[in-house]
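Position 2, counted from 1, in the sequence shown is what the working numbering calls 4; the numbers after and before it change by one each time, with no gaps. Don't be surprised by glycine CBs; every beta carbon is placed ideally from N, CA and C. Below: one structure, written as structure tokens.
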Amino acid sequence: MEVLILYFSATENTAKIAKVIEEKFKKEGVRVTMSDITSYTNRQEKIDLAPYDAVVFGSPVHSRRAPRVVREWLRTLNGQGKKCSMFFTYGGFGVHPTHYSTREILEEQHFRVVSSAEFLGTHTFNLGGWKAMEGRPDEHDFEVAKAYVERTYKRFTDEDESLLGELEKTEHTEEQLDSVETSRFKVLTQLPSRGGEECSMCLVCEELCPTGAMEAESGEADKEKCIACLACVSNCPEEVLTINDMSHSWSLKLDMEKVTEESLKEQKSKIYF
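Quick look at the structure:
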């Protein structure tokens with residue numbers, strides 16, 4: 003069996019889970035191809051699904067959905083009736099209706115979705131001072147990922163012929179969800195910037211940017227293109243890219259969500275079948 007894992011990972015959470023999934027599939031005797039679709043350049047390359055028996059899609063959750071660039075990219079694919087699975091990483095807040103909305107897209111693109119999963123990961127805004135899901139994903143999350151592969155493999159091979167069951171929907175309209183998407187910028191008020199600092203011009207920030215928003219030479223992100231994924235900040239080898247201090251909004255976020263740091267830590271990764 004040939005399986006293709008396509009994943010978007012700005013700050014390495016999804017990549018870590020994808021790696022565990024890859025290794026577990028290999029132990030099942032599956033030949034696995036990994037493809038990182040994070041950068042704008044990588045998503046411009048045509049994906050040929052013909053050689054693969056099944057596909058796994060991995061993505062972070064941005065404001066209750068897969069990032070817009072991922073959703074738009076998925077709509078360029080033709081699933082050809084192939085079986086697929088999904089998995090998502092998130093920082094502890096608002097995972098739904100990501101599973102439901104992504105399955106809707108995949109089914110429209112002629113995939114048959116057999117399973118899904120969600121994994122806790124260090125929140126992107128921890129780079130600005132939040133303390134959400136520090137140290138995640140961890141070994142407990144990785145064990146859930148392995149169990150996810152075991153069950154998904156059975157569905158890929160038709161040992162279990164079932165497809166993915168009911169998922170949590172939402173009463174919010176697409177317009178309301180779009181509005182939630184822009185709320186990230188009420189917290190991230192200073193987009194990634196070098197602030198005039200010199201750097202070696204390694205170009206990592208520009209090459210990794212999912213939308214082409216970051217320009218290495220100026221050291222500034224284009225506000226019209228930036229999606230606040232912070233891939234540039236997270237991956238800058240010299241750590242010269244900065245954002246605003248978000249620590250003051252952390253307690254406000256906890257209050258708004260009616261949770262504590264302790265209750266957040268009690269959350270567990272989850273599989274959907």
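Just to confirm, is the Cβ distance from residue i to residue j under 8 Å?
i, j, result
"P139", "L166", "no"
"A119", "K84", "no"
"P212", "Y42", "yes"
"A1", "L190", "This structure gives no information on residue 1, because the portion of the chain shown stretches from 3 to 275."
"I39", "R33", "no"
"L232", "A12", "yes"
"E217", "E208", "yes"
Is it buried or exposed for residue i, if we count other Cβ within 10 angstroms and need 16 for buried?
i, result
"M203", "exposed"
"H112", "exposed"
"F144", "buried"
"E268", "exposed"
"A134", "buried"
"P53", "exposed"
"K260", "exposed"
"G93", "buried"
"S37", "exposed"
"G221", "buried"
"T262", "exposed"
"S271", "buried"
Kindly indicate which residue of the options has the alpha-carbon position closest to the one of residue i.
i, options, result
"E199", "G214, K227 and E240", "E240"
"G81", "G93, V97, I49 and H64", "I49"
"A147", "S11, T13 and E24", "E24"
"H64", "H142, P53, K26 and T126", "T126"
"T244", "M258, V115, E209 and G130", "G130"
"M3", "E173, I19 and D160", "D160"
"S251", "C201, F187 and C238", "F187"
To which residues of the same chain is residue i closer than 6 Å at the C-beta, ignoring the five residues directly before and after it?
i, result
"T16", "Y9, G60, P62 and T91"
"E74", "none"
Within the same chain, show all residues whose beta-carbon is closer than 8 Å to that of residue i, passing over the 5 residues directly before and after it, in chain order.
i, result
"H101", "M88, F90, S118, E120, L169, E170 and Y274"
"E30", "V151, E152 and Y155"
"C86", "A56, V57, V58, F59, L108, F113, R114, V115 and V116"
Going by the DSSP bridge assignment, what does residue i pair with across the sheet?
i, result
"Y274", "S118"
"Y155", "Answer is none; Y155 lacks a bridge partner."
"D162", "Its beta-bridge partners do not exist; DSSP assigns none."
"S87", "V58 and S117"
Return yes when at least one heavy atom of the ligand COA lies under 7 Å from the C-beta of residue i, else no.
i, result
"T244", "The ligand COA is not part of this structure, which contains no ligands at all."
Take residue i and list the residues in its own chain whose beta-carbon comes closer than 7 Å to its own, dropping the five residues that flank it on each side.
i, result
"R66", "G96, H98, P99, T100, L179 and V182"
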